[in-house]
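**Student:** This is the structure, below, for whatever I ask next.
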Amino acid sequence: MAKKATARHILVASEAKCLELKAAIEAGADFAQVAKDNSTCPSSRQGGDLGSFGPGQMVKEFDTVVFSAPINVVQGPVKTQFGYHLLEVTSRQD
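Residue 1 is where the sequence shown starts when you use full-length UniProt numbering, and the numbers rise one by one after that.
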């Protein structure tokens, strides 16, 4: 079976904002609601949900985290050409 993952993310312009949102989520804030309120990515409307994708479909920095990070643990800040991401892998098939 081909590798696949589902993930959600929050995209913001600064590392400081990313760290602030990560702290809020770790303190109990709802990831999806934080994404809706703060993420600059169109996926924010779905609570940051990116759906299912395989290796190589996302930018390299993102891909590396998605296919190595533990499930349901918020990762980041992850810097890409788009900005700073908080990233949570919600499922993965290796």
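By construction, the Cβ of each residue, glycine as well, lies at the ideal position given by its N, Cα and C atoms.
Using only the alpha-carbon positions, how far apart do residue 53 and residue 68 sit?
**Tutor:** For the purposes of this step, residue 53 is identified with residue 53 of the sequence shown, where counting begins at 1. For the purposes of this step, residue 68 is identified with residue 68 of the sequence shown, where counting begins at 1. Whole-angstrom Cα-Cα distance: 14 Å.
**Student:** In three-state terms, what does DSSP make of residue 77?
**Tutor:** Position 77 of the sequence shown, counted from the start, is the residue given in the question as residue 77. Correct three-state label for residue 77: strand.
**Student:** Compute the beta-carbon to beta-carbon distance between residue 71 and residue 34, rounded to the nearest angstrom, for a pair I have assumed lies under 8 Å.
**Tutor:** For this step, residue 71 is matched to residue 71 along the sequence shown. For this step, residue 34 is matched to residue 34 along the sequence shown. The pair is not a contact, with the Cβ atoms about 19 Å apart (cut-off 8 Å).
**Student:** Would you please state the rounded distance, in angstroms, between the beta carbons of residue 31 and residue 8? I believe it to be under 8 Å.
**Tutor:** Residue mapping note: residue 31 aligns to position 31 of the sequence shown, counting from 1. Residue mapping note: residue 8 aligns to position 8 of the sequence shown, counting from 1. Indeed, because the Cβ distance is near 7 Å, the residues count as touching under 8 Å.
**Student:** Residues bridged to residue 92 by DSSP?
**Tutor:** Locating residue 92 in the sequence shown gives position 92, counting from the first residue. Its beta-bridge partners are 5.
**Student:** Nearest to residue 40 by CA position, among 55, 59 and 86, is which residue?
**Tutor:** Here residue 40 is taken as the residue at index 40 of the sequence shown, counted from 1. The shortest C-alpha separation from residue 40 is found at 86.
**Student:** Near residue 49, which residues of its chain fall below 7 Å by C-beta distance, leaving aside the five closest residues on each side in sequence?
**Tutor:** As a working note, residue 49 is residue 49 in the sequence shown. Cβ neighbours of residue 49 beyond the five flanking positions: 8 and 43.
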